[in-house]
Amino acid sequence: MLAGGGVWLLTATSAPQAGPVTTEIPALQVQPAPVQPGAVAPQPVAETIPQATAGVDPLIAWANQVSAATGIPARALRSYGNAELVLRSTTPACRLSWATLAGIGRIESNHGQFAGAQLGADGRPSKPIIGVPLDGSVGVQHISDTDGGRYDGDATLDRAVGPMQFIPSTWAKWASDGNGDGRGDPQQIDDAALAAARYLCVGGRDMGSPSGWWAGVLSYNNSVPYGQKVFGLADSYAKQSQSRSR
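Using the UniProt record's numbering, you'd call the opening residue of the sequence shown number 1 and step up by one each time.
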């Protein structure tokens, strides 16, 4: 998977159309944390996300409260929290935290808000998020088209897509249905967050340990500064969410 390589927004309402590159990359706005890879994992979130009971979804109330403390849009938090809950049920040994998913989401697309986009109630950005062409230029892999332009509007080269910036070929393997509508859509943040969670937890990885956390995040993007930025964000989000109840 390639992540954090820059994104742009398109206004197409159906199949996306390839457009010009923007230099407004969300990752550039974040400073790396002064930590060494593998030395430590971000602070764990002590509070457990509430499970839905008796037809009531406390995830919405939780997301609203954490949003006030962290500045993360509540709609995005619901997707990160839901992904944690799913993995807690299916892959409990992974110990993946919503805060790590939020750190990645901030780096990749500013939680689906890149360049003024807004997440709708359906979890889709108001404009599709499409990455730079993977043409082999400096700092970019060369990946020829794998989806016929279905997801990225480019029938020549692949581009990362959606709030969590999946390459089309990676999405084809990890596509997930996080919102229960029967299909996986990389632009829909519930689907994208769940796919990212599954990707991070592959192979019995323990995202609660320093070695596992760094292995997972660097598999998402093999860049130490990238990992340090996600670390700083995840650590900060965990601390901010816990301080709200003090």
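Positions of the beta carbon are idealized from the N, C-alpha and C atoms, including for glycine.
Looking at residue j and residue i, is the spacing between their C-beta atoms short of 8 angstroms?
i: Q240; j: T48; result: no
i: A215; j: A99; result: no
i: A197; j: L101; result: yes
i: F114; j: P26; result: yes
i: V132; j: V140; result: yes
i: S176; j: L194; result: yes
i: P37; j: G203; result: no
i: N82; j: G178; result: yes
i: Q165; j: E108; result: yes
i: I167; j: I143; result: yes
i: A238; j: V66; result: no
i: G184; j: D191; result: yes
Do you know offhand how far residue i's Cα is from residue j's?
i: I129; j: A76; result: 15 angstroms
i: S243; j: G148; result: 47 angstroms
i: G120; j: L28; result: 25 angstroms
i: Q31; j: K229; result: 6 angstroms
i: S97; j: P163; result: 18 angstroms
i: A39; j: L200; result: 18 angstroms
i: A41; j: D154; result: 37 angstroms
i: A68; j: F231; result: 21 angstroms
i: W213; j: A160; result: 23 angstroms
i: P50; j: A61; result: 9 angstroms
i: residue 259; j: S223; result: Since the first residue shown for the chain is 1 and the last is 246, residue 259 is missing from the structure and cannot be characterised.
i: T90; j: S169; result: 24 angstroms
i: T23; j: K173; result: Its pLDDT being 38, under 50, T23 is placed unreliably by the model, and the measurement read from it follows with that caveat. Going by the C-alpha atoms only, they are around 29 angstroms apart.
i: S236; j: P58; result: 23 angstroms
i: D145; j: A117; result: 26 angstroms
Smallest Cα separation from residue i: which of the options?
i: I189; options: R95, A63, R78, A155; result: R78
i: M207; options: I167, E108, D154, R88; result: R88
i: G180; options: V86, S169, L134, I104; result: V86
i: T156; options: D135, T91, G212; result: D135
i: A74; options: A117, P210, G123, T146; result: G123
i: P92; options: N221, P210, S211, R205; result: R205
i: Q43; options: Q118, A192, R150, P210; result: P210
i: residue 248; options: N221, R95, I72; result: The requested residue 248 does not occur in the structure, where the chain is confined to residues 1 to 246.
i: R106; options: C94, Y80, R95; result: Y80
Q: Please list the segments of the alpha helix (DSSP H) lying wholly inside the UniProt domain "Transglycosylase SLT" (160-211), counting only runs of 4 or more residues, in order along the chain.
A: Fully contained in the UniProt domain "Transglycosylase SLT" (160-211) are the following alpha helix (DSSP H) runs of length 4 or more, in chain order: 168-174, 189-200.
(Q) What ranges does the alpha helix (DSSP H) occupy inside the stretch 47-120, keeping only unbroken runs of at least 4 residues that lie completely in it? (A) Counting only runs of 4 or more, we get 58-70, 74-90, 98-109.
Q) Can you list, in chain order, the stretches of the alpha helix (DSSP H) that have 4 or more residues and sit fully within the stretch 213-245? A) Listed in chain order, they are 224-243.
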